[in-house]
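Engineer: Starting off with a structure, shown below.
In the UniProt record's numbering, the protein residues as written are 1 to 268.
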């Protein structure tokens with residue numbers, strides 16, 4: 001006559017109750033035991049509550065098992081937060097530009113002294129230079145730099161940057177560079193005898209680069225001091241230890257960054 005006994009069975013499981021994410025520090029009450037506490041974690045599929053006295057208890061995440069502000073709720077473990085998207089950086093430390101194809105080569109150029117210098121620049125700054133459309137060309141030394149610059153015919157839309165080894169006051173290199181005066185040419189350099197020496201020695205497992213007596217070819221002297229028979233083997237070892245700007249000395253980094261900025265200045 002009266003229909004279903006309203007007191008029979010588990011009323012919490014028949015009643016539709018809202019689902020709530022069990023966020024940290026959310027204060028709820030276990031409907032069966034009356035234990036009230038804040039959400040502090042999850043263990044073995046259960047939520048961990050901590051009351052105001054610091055006591056902790058685990059409760060299964062069952063339907064309608066908790067009270068929130070006096071109303072029955074079903075707690076659920078929140079979905080893990082999406083990991084932040086990290087921005088890829090190039091070997092030079094700049095933020096990589098995704099989805100951009102290399103530009104057609106511009107008229108402006110960067111010159112370096114030799115193939116080893118070019119390989120080092122490519123290893124560290126190659127991504128940046130391709131995006132900018134700047135080609136790096138190796139010279140066979142800089143003894144004929146002034147004449148090569150004249151042949152290049154630098155101009156407002158045809159800039160030239162030159163990276164020089166051992167560019168220190170009073171050196172042969174400094175005297176050669178003094179003969180280049182075009183406002184569309186920037187010559188920068190580093191104090192190291194060779195691009196090899198611009199690599200941090202710790203990356204190679206040595207405390208410092210060997211001191212080579214004057215008059216002896218520097219690379220041969222370094223190889224002899226380090227017990228390497230062939231300079232080509234030494235070069236391969238060096239390059240295997242260079243992955244980014246972190247592996248080379250600051251003067252080289254500063255010199256290259258200045259050159260890149262100079263040759264990529266938009267024409268007026």
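From the three backbone atoms N, C-alpha and C, an ideal C-beta is built for every residue, glycine too.
With DSSP run on the structure shown, which of helix, strand or coil describes residue 131?
Structural biologist: Correct three-state label for residue 131: helix.
Engineer: Have a look at residue 234 and residue 145 and give me their C-alpha separation to the nearest angstrom.
Structural biologist: Computed Cα separation, rounded: 28 Å.
Engineer: If we call anything under 8 Å between Cβ atoms a contact, is residue 142 one with residue 176?
Structural biologist: Their beta carbons are under 8 Å apart, which means residue 142 touches residue 176 by this criterion.
Engineer: The beta strand (DSSP E) that contains residue 59, what's its start and end?
Structural biologist: Here the beta strand (DSSP E) through residue 59 covers 56-60.
Engineer: Where residue 25 and residue 49 are concerned, what is the direct C-alpha to C-alpha distance, given to the nearest angstrom?
Structural biologist: Each residue's Cα considered, the two are about 9 Å apart.
Engineer: Extract the residue ranges of the beta strand (DSSP E) inside the segment 181-213, only unbroken runs of 3 or more that lie entirely within it.
Structural biologist: Fully enclosed beta strand (DSSP E) runs of 3 or longer: 185-189.
Engineer: Since residue 72 is in the beta strand (DSSP E), which residue starts that stretch and which ends it?
Structural biologist: Run containing residue 72: 71-76, per the beta strand (DSSP E) assignment.
Engineer: Near residue 210, which residues of its chain fall below 6 Å by C-beta distance, leaving aside the five closest residues on each side in sequence?
Structural biologist: Answer for residue 210: 222 and 225, listed in chain order.
Engineer: Express the C-alpha separation of residue 189 and residue 172 in angstroms, rounding to a whole number.
Structural biologist: Computed Cα separation, rounded: 13 Å.
Engineer: Skipping 5 residues on each side, what residues in its chain have a beta carbon closer than 7 Å to that of residue 107?
Structural biologist: So the qualifying residues of the chain are 157 and 158.
Engineer: Mapping DSSP to helix, strand and coil, what is residue 3?
Structural biologist: Note that residue 3 has pLDDT 47, beneath the 50 cutoff, so the model's placement of it is unreliable and the number below is only indicative. Residue state, collapsed to three classes: coil.
Engineer: Does any residue of chain D have a CB that is nearer than 8 Å to the CB of residue 18?
Structural biologist: Going by chain labels, chain D is absent from the structure shown, which holds only one protein chain.
Engineer: Using a Cβ-Cβ cut-off of 6 Å (strictly less than) and excluding sequence neighbours within five positions of residue 38, which residues of its own chain qualify?
Structural biologist: For residue 38, where only same-chain residues beyond five positions count, the Cβ hits under 6 Å are 25, 27 and 50.
Engineer: Considering only C-alpha positions, which residue in the set 265, 255 and 116 is nearest to residue 219?
Structural biologist: Closest option to residue 219, Cα to Cα, is 116.
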